[in-house]
Amino acid sequence: MRKIININFQGRVIPIEELAYDILKQYIESLRVFFANEEGRDEIINDIEGRIAELFSETLKKGAACITDSDVNVVINSIGRPEDFDDEETRVKEQLKGEENKQQQRGGNYSSQFTTEPRGPRLFRDQEDKILGGVCAGLASYFRIDPAIVRILFAVITLGGFGAGVPLYILLWIVLPVKKLDRSVISKRLYRNPDDKVIAGVASGVAAYFNLAVWIPRMVFAFPLVIAVLGSIWRNLFWDHFSMPTSIIFSSFGSTFFLVYAILWIVIPEASSASEKLEMRGEKVDLNSIKNTIQEDLGSFKQKAEKWGEEFKVKAQQWSDEVQDTFQTKGKQFGKEAAVVSGNAGNRFAQAIAIAFKAFFLFIAGIIAFSLVLALIALLVSGVNVAPLKTFFLHGFWQNTLAWVSLILFIGSPIVAMVIWVIRRITRVRSTNNYLGYTFGGLWTIGLIASVFLAASITKDYRSRTAIEEDVLLNQPSRGKLLVKVDESKAAYYGEDFWLGFNWDTDDAPFVGVSKDSLLMKSVQVRIVKSADSSFHTQVVKLSNGSSTTQARGYASAVSFVPRQTDDSVLVLPRGFVITSDQKFHNQQVMVVIEVPVGKRIQLDESLSDYHWVNVNVNSHRRRHRQTTDWNEDWNNDFDWSKNVEYVMTQNDGLKATHEKKHGKEDARKQLEELEKQRIELEKKREELERKLPVEDSSAIKNQEQVAAPAVTEKATAMENGEPELAPRPSGMLLMKFIR
């Protein structure tokens with residue numbers, strides 16, 4: 246009978262036989278003696294102990310109750326004994342063996358990554374190394390590859406193949422039998438390399454696993470992003486299609502590699518220990534390899550530490566000189582001030598307050614600067630997507646050139662300068678001259694001048710404003726009421742509900758949609774005025790700006806907005822008016838003026854809320870030109886109105902609502918439910934009265950109820966149809982009085 250003890254070995258609880266523990270203890274002591282004079286002795290021994298703990302854990306996972314002396318000897322033989330490395334002949338043999346392995350790997354055959362043990366006759370699911378069912382680990386053991394690779398392939402197939410990996414995994418889970426598989430045949434594993442990483446070390450880890458140059462996988466992952474950026478620039482330059490910059494990542498081509506990189510980042514573990522780094526490179530994990538890896542890491546860290554120490558020394562010296570000069574200067578100033586001011590304590594307190602205020606203002610200035618950088622970046626990104634609209638706003642070669650120069654130099658150059666400054670500050674690159682500052686300052690000045698000339702050129706195009714009036718032939722409504730609504734036809738406009746890459750809510754935009762050659766505007770306003778006679782009249786006023794009155798009149802006359810009348814009393818207005826890329830946008834607007842005679846009614850539908858009146862006030866002095874504003878002053882006596890309300894035109898007070906706003910379907914439903922509750926309550930009261938009163942009195946009540954019932958029914962029907970509530974009839978009033 247052997248005694249079993251539990252030890253805490255490298256953070257793992259290991260049940261081990263007492264004899265095996267003694268062997269392990271002697272082995273660790275021999276390692277301490279062997280590496281006594283080596284640099285990083287403690288790190289080397291700690292990493293070897295971690296490797297031993299991993300091998301012990303794998304043995305226990307296979308079903309062993311504890312670690313025996315034979316298990317310890319197997320682990321020690323796999324890692325190596327110190328006395329084995331004292332023999333020079335052993336070292337020579339190991340070197341010759343390493344040279345032979347290198348010559349075999351020069352052919353580029355990846356089979357050297359795995360052992361030459363014969364492959365099993367069939368597939369199994371791994372009982373030990375499993376996450377769900379051990380399918381991926383079983384496939385990896387069969388093909389002698391890392392299980393992480395198979396798991397990644399299944400994840401890509403599942404996410405990129407519309408879930409095709411799920412039924413395949415379930416099928417293999419059912420078909421394949423389970424078995425304890427030996428994972429020691431895999432000599433190379435896939436890890437993320439923390440020593441050579443840009444983002445997460447995925448590309449460098451893949452390169453180490455497949456014996457590739459590290460730039461190859463990095464180029465594979467970066468290539469879709471470069472293609473997406475170039476494609477986005479190409480599409481925006483030729484106005485074929487435009488989309489938000491998020492499509493660079495979430496496009497069909499770029500999203501695949503972006504998703505693969507994210508999956509690799511999650512699935513692949515990081516090589517944190519020396520043994521894991523050796524497995525990543527496919528090297529044998531023994532004493533020498535662990536020692537060399539630890540010493541390489543320490544050497545690189547030592548170089549970095551020396552570099553950091555030298556930089557810190559220089560910075561400390563500079564800081565010391567600056568502090569010394571500052572204290573000398575401030576000391577002299579303070580001495581002069583102390584001679585004038587009697588209280589030294591008061592001066593110190595005031596100086597402390599001044600420093601606090603200075604720090605506060607510097608903090609606020611930093612926040613403002615950071616916010617301005619973000620605003621400039623957002624403006625530049627949004628400018629790429631707003632670029633298709635320039636076809637409708639800019640005229641000719643010079644305005645387009647000035648716009649691009651303003652965007653690139655006035656807005657883009659400060660962003661580029663800020664990025665370069667940040668990079669130079671991070672990399673501590675200093676220059677003796679200020680040629681970069683002068684260059685970017687000159688470019689920004691050129692951009693500022695271009696912006697001024699562009700603003701002046703555009704303002705010139707909006708200098709004059711005029712209006713054209715067109716009468717609309719209108720048949721007089723036979724019922725004395727006119728209903729005004731917007732065309733609700735289902736005909737869709739090209740580019741509708743898609744603006745600047747968003748699924749845009751057209752209710753919030755000044756136009757319905759935009760395409761390559763047209764813009765559907767909805768800058769329309771409806772005004773109601775009193776008619777001079779007894780008839781309805783409708784006028785369409787088209788307004789526009791231009792560089793001259795003649796040009797503005799031409800732009801206004803090109804606007805097509807034709808109302809139509811249906812069902813004798815319904816006036817249907819178009820959804821908007823189209824502006825082509827040849828006409829350009831010149832603040833075109835449409836005003837529909839409806840003259841209502843006294844005593845006649847009008848109602849404006851809720852669909853009129855789709856219109857959005859947009860006015861670009863470029864020339865603030867245009868009111869001096871009376872000939873361009875008479876049309877507006879003639880209708881300053883128009884009346885305010887609300888949607889879905891019926892109005893009547895009065896002689897003295899103008900528009901007056903005939904009743905409250907009509908109930909919608911939801912309100913009608915609620916009031917119908919309330920009426921139903923009242924009916925039930927009345928029915929209960931009627932039954933109570935029938936029980937209390939004689940037979941002849943109850944008969945009278947029934948007769949009166951039959952007379953009053955139509956009133957309630959008519960009221961409910963009227964509310965359901967959206968008509969005003971009916972006043973209770975006399976019979977209903979008598980019934981209520983009688984019940985009370």
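For the sequence shown, my numbering gives the first residue as 246, with consecutive numbering after it.
C-beta: ideal position from N, C-alpha, C; glycine also.
As the structure is a prediction and not an experimental result, all values here were calculated from the model.
Nearest residue (CA-CA) to residue i, options the options
{"i": "F369", "options": "L421, D391, S323, I444", "result": "L421"}
{"i": "Q644", "options": "A700, L654, F655", "result": "A700"}
{"i": "V423", "options": "A445, L377, Y454, V837", "result": "L377"}
{"i": "K635", "options": "V465, V717, D827, K705", "result": "D827"}
{"i": "G899", "options": "D855, S776, D316", "result": "S776"}
{"i": "L217", "options": "Y892, S709, V823", "result": "Since the displayed the chain opens at 246 and closes at 985, residue 217 lies outside it and no answer follows."}
{"i": "I703", "options": "V650, L728, L639", "result": "L639"}
{"i": "P439", "options": "E918, P514, T895, P819", "result": "P514"}
{"i": "G821", "options": "S805, D812, R809", "result": "S805"}
{"i": "Q721", "options": "D374, I394, R846", "result": "R846"}
{"i": "T711", "options": "G799, I397, L934", "result": "G799"}
{"i": "R437", "options": "I511, L818, V380, V774", "result": "I511"}
{"i": "A995", "options": "V258, R396, E283", "result": "In this structure the chain extends from 246 to 985, so residue 995 is not present and cannot be described."}
{"i": "Q255", "options": "Q896, S275, E299", "result": "E299"}
{"i": "R708", "options": "R772, T795, I653", "result": "T795"}
Proximity below 7 Å, CB of residue i to CB of residue j
{"i": "L509", "j": "V459", "result": "no"}
{"i": "F280", "j": "I289", "result": "yes"}
{"i": "I293", "j": "V320", "result": "no"}
{"i": "S696", "j": "F637", "result": "no"}
{"i": "H857", "j": "K787", "result": "no"}
{"i": "S814", "j": "L728", "result": "yes"}
{"i": "A801", "j": "I713", "result": "yes"}
{"i": "V890", "j": "K901", "result": "no"}
{"i": "A452", "j": "P462", "result": "yes"}
{"i": "I273", "j": "I261", "result": "no"}
{"i": "V785", "j": "V841", "result": "no"}
{"i": "P392", "j": "A385", "result": "yes"}
{"i": "L457", "j": "I394", "result": "no"}
{"i": "L818", "j": "Q810", "result": "no"}
{"i": "K306", "j": "K425", "result": "no"}
Rounded separation between residue i and residue j - CA only
{"i": "L416", "j": "I390", "result": "21 Å"}
{"i": "A648", "j": "V731", "result": "37 Å"}
{"i": "I249", "j": "S449", "result": "44 Å"}
{"i": "T403", "j": "Y414", "result": "10 Å"}
{"i": "Y683", "j": "W689", "result": "10 Å"}
{"i": "I839", "j": "G641", "result": "39 Å"}
{"i": "I312", "j": "Q372", "result": "20 Å"}
{"i": "S763", "j": "G686", "result": "39 Å"}
{"i": "A516", "j": "D267", "result": "31 Å"}
{"i": "D778", "j": "A797", "result": "33 Å"}
{"i": "L269", "j": "V317", "result": "7 Å"}
{"i": "E303", "j": "D314", "result": "16 Å"}
{"i": "Q349", "j": "I444", "result": "Confidence at Q349 is low in this model, with a pLDDT of 48, below 50, so its placement is unreliable and no value can be given for it."}
{"i": "W749", "j": "E733", "result": "Residue placement at W749 is poorly supported in this model, since its pLDDT is 46, which falls under 50; the coordinates are not used for a value here."}
{"i": "L504", "j": "D441", "result": "21 Å"}
{"i": "Q770", "j": "T783", "result": "13 Å"}
{"i": "L681", "j": "I665", "result": "9 Å"}
{"i": "L264", "j": "R247", "result": "8 Å"}
{"i": "K888", "j": "G410", "result": "56 Å"}
{"i": "F781", "j": "L917", "result": "37 Å"}
{"i": "F359", "j": "V465", "result": "Per-residue confidence for F359 stands at a pLDDT of 38, beneath the threshold of 50, marking its modelled position as unreliable; no derived number is given."}
{"i": "G844", "j": "H904", "result": "15 Å"}
{"i": "K375", "j": "S323", "result": "25 Å"}
{"i": "N924", "j": "R914", "result": "Reading the sequence as shown, one finds Arg at residue 924 and not Asn. Approximately 15 Å between the Cα atoms of the pair."}
{"i": "T646", "j": "I691", "result": "13 Å"}
{"i": "V380", "j": "F455", "result": "23 Å"}
{"i": "A803", "j": "D812", "result": "29 Å"}
{"i": "R286", "j": "M663", "result": "47 Å"}
Near the ligand FMN: residue i beta-carbon under 6 Å from a heavy atom
{"i": "F638", "result": "No copy of the ligand FMN appears in this structure; indeed no ligand is present at all."}
Residue-level contact to chain C via CB, residue i, 7 Å cutoff
{"i": "Q848", "result": "In summary, chain C is missing from the structure at hand, where a single protein chain is found."}
Original post:
Is the number of C-beta pairs between the region 791-811 and the region 826-833 that are closer than 8 Å three or more?
Top reply: Counting Cβ pairs under 8 Å, three or more are found: they touch.
**OP:** Please confirm if the region 842-851 is in contact with the region 650-660, defined as three or more CB-CB distances below 8 Å between the two stretches.
**Re:** no
Subject >> Continuous beta strand (DSSP E) assignments of at least 3 residues falling wholly in the region 680-720 >> reply: 709-717
Original post:
Can you list, in chain order, the stretches of the beta strand (DSSP E) that have 3 or more residues and sit fully within the region 802-828?
Top reply: 809-811, 815-818, 822-825
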